[in-house]
Amino acid sequence: MAAPVMDPKVTAATQSTRLTMGKAINLGLRTAMERDSKVIVMGEDVGKMGGVYRITDGLQKDFGEQRVLDTPLAESGIIGTAVGLAVRGFRPVCEIQFEGFIFPGFDQISSQVAKLHYRTQGMLKVPMVIRVPFGGGVGAVEHHSESPESLFAHLPGLRVVSCSNPVDAYWMIQQAIDCDDPVLFFEPKRRYHEKDEINTEATPYPLFRSKVLRPGSTATLVSYGPLVKTCLEAANAATEDGHELEVIDLRTLSPLDLDPVFESVRRTGHLVVASEAAGEVSIASEIADRVQRECFYSLEAPVLKVTGFNTPYPPSKVEDEYLPDLDRVLDAVDRSLAW
Amino acid sequence: MSSPEQWTHPEPGGGPAATAATPTREQVLAGLRATNEGGAELVELLTPEGERVANPEFDPYVADIGAEELRRLYRDMVLVRRADREGNALQRQGQLGIWVPLLGQEAAQIGAGRALKPQDMAFPSYREHGVAWCRGVRPEQILATFRGTEHSEWDPVAHRFHPYTIVIGNQVLNATGYAMGQRFEGKVGPESDAEATMVFFGDGATSQGDVHEGFVWAAVYDAPVVFFCQNNQWAISEPTERQSRLPLYQRARGYGFPGIRVDGNDVLASLAVSRWALEECRSGNGPVLIEAFTYRMDAHTTSDDPTRYRLSDELEAWKLKDPIERVRAYLVRNGLAEADFFEQVQVDADQLASELRAYCFSMPDPPADRIFRNVYAEPNPLLEKERAEYAAYQAGFEGGAH
């Protein structure tokens with residue numbers, strides 16, 4: 000008997016399948032679109048071409064041009080029209096091609112997307128998702144490697160999440176689409192090709208919850224998006240020194256879910272937060288603030304941040320120096336333990 | 000090519016389009032004047048003197064407007080103006096934080112507002128008190144925004160009238176998206192329940208990227224949206240020629256859809272042109288740009304002082320084109336309304352103003368807890384925690400010395 004042909008591009012899989020993060024998001028989008036005819040995808044080159052990262056590959060072919068829109072090239076237009084579509088009853092999923100291009104749409108995001116529910120006392124909902132490939136490490140030209148998530152996490156009314164692995168990517172994109180609030184969905188572009196086994200019949204982990212990926216007792220590592228993998232690798236390396244590092248994936252950046260972090264820090268007394276974004280006035284800063292308030296008597300060292308420097312993203316030939324890596328994470332752990 | 004029309008609409012064989020990019024000084028001046036004057040292409044059905052002008056193209060769109068209907072439009076305008084003046088007075092008395100007058104723009108707004116069918120959707124800027132009136136939003140509900148008791152009080156779904164939008168031009172994209180949705184849902188076509196969207200903005204907004212992007216999106220998706228631009232000549236202190244070298248309605252041509260200029264002080268023309276444009280959109284020939292040529296007879300807001308940037312002569316000239324007076328003149332001259340009608344309208348207007356005033360004085364402040372409500376549609380534990388902490392802080396004062 001021939002093995003059944005599994006083609007995630009044609010039907011939503013109903014069993015375990017090994018996919019890259021990019022394909023996992025694609026399958027998540029497809030599943031959401033099959034479930035709800037009001038879900039539409041819109042953005043630059045998302046249709047015929049399937050997006051510059053092929054995340055929307057095949058969707059226009061299967062769902063048509065009225066559900067997968069190759070839009071004109073203007074980000075405020077993408078987001079501003081999506082607001083109107085959402086008010087009309089659609090659930091738009093916008094793709095911003097690269098995080099560095101989102102700023103023409105910042106006005107609509109800040110003024111309408113984030114505030115319309117509040118301004119109308121809840122009479123209008125804006126259930127839309129804005130997908131944003133973000134982060135560096137891919138040798139790209141400028142404006143293609145940035146980490147602007149703090150700017151959006153600062154806006155009340157928005158929800159901001161970031162996936163770090165294919166399994167989360169598959170579920171989180173569907174959960175974001177189901178959410179009645181607008182969700183900024185940050186995708187770590189340098190992890191698009193990471194593969195993992197996805198059980199499409201599993202019970203998904205809640206969207207707005209952080210998650211302990213590796214238990215440990217020596218110190219706590221917190222990260223999200225592209226650096227979660229780095230932190231897991233650092234934790235593996237640290238075992239050589241006899242250190243058991245607990246690794247927590249934030250997953251949700253707004254609202255932050257820090258209860259698992261507090262619980263962890265109360266046990267370990269040491270916290271290192273890793274992020275590619277510039278460290279000042281950042282998600283990492285917010286975590287440091289909240290942890291010092293909640294875990295003041297448990298901390299044996301100040302919260303240390305391992306982040307991008309407080310500069311614009313550098314030319315890609317020096318990005319390896321800019322991006323926090325395994326060594327910088329472990330250096331911070333050592334400094335914390337030696338405090 | 001000496002007229003702006005010829006300059007922007009060159010005849011076939013009239014030279015390469017590139018020459019339009021290097022106009023002579025004379026052409027530039029002609030273009031600037033065209034932003035300041037109504038121009039030959041202005042659609043007008045009722046002159047400032049109250050004379051009905053035949054217009055074979057647009058007369059059919061107001062064929063049903065007899066004496067009674069015209070009296071109703073007159074009443075709309077008088078009541079809306081009276082409410083507007085009361086809003087201004089309430090601000091002067093400190094009852095409102097600010098007021099945004101619509102004085103002078105009654106005909107543009109009542110004409111457009113009455114052209115909308117119940118199933119149509121409207122997206123206002125923040126001066127559309129007349130359109131709000133036509134959509135069944137009470138003037139009292141508008142006060143909330145300017146008194147600061149709510150950002151927006153009416154139900155935008157029930158009234159099919161979006162919240163006021165303060166950030167200039169944002170609503171043009173939102174309306175275009177909404178109209179795309181109408182098309183995607185198959186609500187465009189010959190059926191009687193076909194829908195259109197009308198979005199309101201001013202001459203200043205036409206410089207905003209969102210307005211241009213709205214034009215592009217609407218054009219490429221054939222969205223059933225009427226772009227209703229009230230050119231009231233002033234964007235706070237800046238005249239229209241600071242926004243455009245070209246008469247605004249002519250911009251539509253560059254995006255590939257019709258643009259038309261209507262006398263915005265002529266309620267009949269505004270109604271006719273709006274009905275035509277909405278019908279075009281409902282039947283699938285949208286979008287359409289309407290430039291309603293009108294005048295902001297009062298300040299931009301109660302915080303503004305127009306004497307710093309414009310001459311009172313200009314206001315005096317526009318007073319002769321008053322949108323209400325021309326209808327009154329027409330009704331009187333043709334024996335379509337008696338003195339008691341005008342008296343009754345005035346009584347109704349004063350009654351409305353009196354109710355508005357009483358309502359304003361009795362408006363309660365929202366509870367402090369309003370701060371935390373409706374930020375999200377779904378629960379947010381962090382916000383709930385902050386809310387509880389503030390409630391506990393407040394409770395600490397109860398029965399205390401504060």
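From first to last, the protein sequence lines stand for chains Z and C.
Reminder that position 9 of the first sequence reads as 8 in numbering that gives the first Met the number 0, one-by-one numbering, no gaps.
Reminder that position 126 of the second sequence reads as 125 in numbering that gives the first Met the number 0, one-by-one numbering, no gaps.
The beta carbon of each residue, even a glycine, is placed where N, CA and C say it ideally should be.
Alpha helix (DSSP H) runs wholly inside the stretch 161-222 of chain Z, at least 4 long, in chain order: 165-177
Looking only at its chain, what residues have a beta carbon closer than 7 Å to the beta carbon of C/V272, apart from the 5 residues adjacent to it on each side? V42, F57, I259, V261 and I289
Pull out every residue of the stretch 79-94 of chain Z whose Cβ sits closer than 9 Å to any Cβ of chain C, in chain order. G79, T80, A81, V82, G83, L84, A85, V86, R87, G88, F89 and P91
Determine the closest residue to Z/F185 out of Z/T80, Z/L150 and Z/L115, with distance taken between C-alpha atoms. Z/L150
Smallest Cα separation from Z/T251: which of C/T196, C/P380, C/H128 and C/L44? C/P380
From C/P409 to C/V374, what does the alpha carbon distance come to, in whole angstroms? The requested residue 409 of chain C does not occur in the structure, where chain C is confined to residues 0 to 401.
For C/F227, name the three-state secondary structure that DSSP assigns. strand
Using a beta-carbon distance below 8 Å, is Z/K124 in contact with chain C? yes
Which ranges does the alpha helix (DSSP H) cover as unbroken runs of at least 4 residues, wholly within the stretch 74-149 of chain Z, from first to last along the chain? 74-87 and 115-118
How many Å lie between C/L69 and C/E354 at the Cα? 25 Å
According to DSSP, simplified to helix, strand and coil, what is C/R80? helix
Which word fits Z/E275, buried or exposed, when buried means at least 16 other C-beta atoms lie within 10 angstroms of its C-beta? buried
Which residues share a DSSP beta bridge with C/M197? C/A121 and C/V225
Note down, in chain order, every chain C residue with its Cβ under 8 Å from the Cβ of Z/D106. V166, N169 and D209
Nearest chain Z C-beta to C/V326 closer than 8 Å, yes or no? no
Contact criterion: CB-CB distance below 8 Å. Does Z/Y296 meet it with respect to chain C? no
Alpha carbons only, please: which of C/Y389, C/D154, C/P123 and C/A276 is nearest the one belonging to C/F256? C/A276
In three-state terms, what does DSSP make of C/E337? coil
Just tell me which of C/S124, C/M120 and C/W132 has its CA closest to the CA of C/P155. C/M120
Just the chain Z side, please: which residues come within less than 7 Å of C/P380 by C-beta, in chain order? P254
Just verifying my parser: in three-state terms, what is the DSSP assignment at C/I97? coil
Is C/Q108 near the ligand SAH, judged by its Cβ being under 7 Å from some heavy atom? Of the ligands one can find in the structure shown there are none, so the ligand SAH has no counterpart to examine.
Contact criterion: CB-CB distance below 8 Å. Does Z/G99 meet it with respect to chain C? no
Are C/D202 and C/Q181 closer than 8 Å when you measure CB to CB? no
Which residues of chain C have a Cβ atom closer than 9 Å to the Cβ of Z/S110, listed in chain order? T164, I165, V166 and N169
Leaving aside the five residues before and after Z/L261 along the sequence, list all residues of the same chain whose C-beta is less than 6 Å from its C-beta, in chain order. Reading the sequence as shown, one finds Phe at residue 261 of chain Z and not Leu. Excluding sequence neighbours, Z/F261 sits near E293 and C294.
Could you check whether Z/V125 and Z/P181 sit closer than 8 Å to each other, using their CB atoms as the reference points? yes
Beta-ladder partner(s) of C/I259, from DSSP: C/I289
Do you know whose CA, among C/V210, C/T205 and C/N169, lies nearest C/E240's CA? C/T205
Quick one: Cα of Z/A113 to Cα of C/L382, how far? 15 Å
Output, in sequence order along the chain, the residues in the stretch 246-280 of chain Z whose CB is closer than 7 Å to any CB in chain C. P254 and L255
Does the distance from the C-beta atom of Z/G57 to that of Z/G49 stay below 8 Å? yes
Looking at chain C, which residues of the stretch 177-203 of chain Z have a Cβ within less than 8 Å of any of its Cβ atoms? C178, D179 and D180
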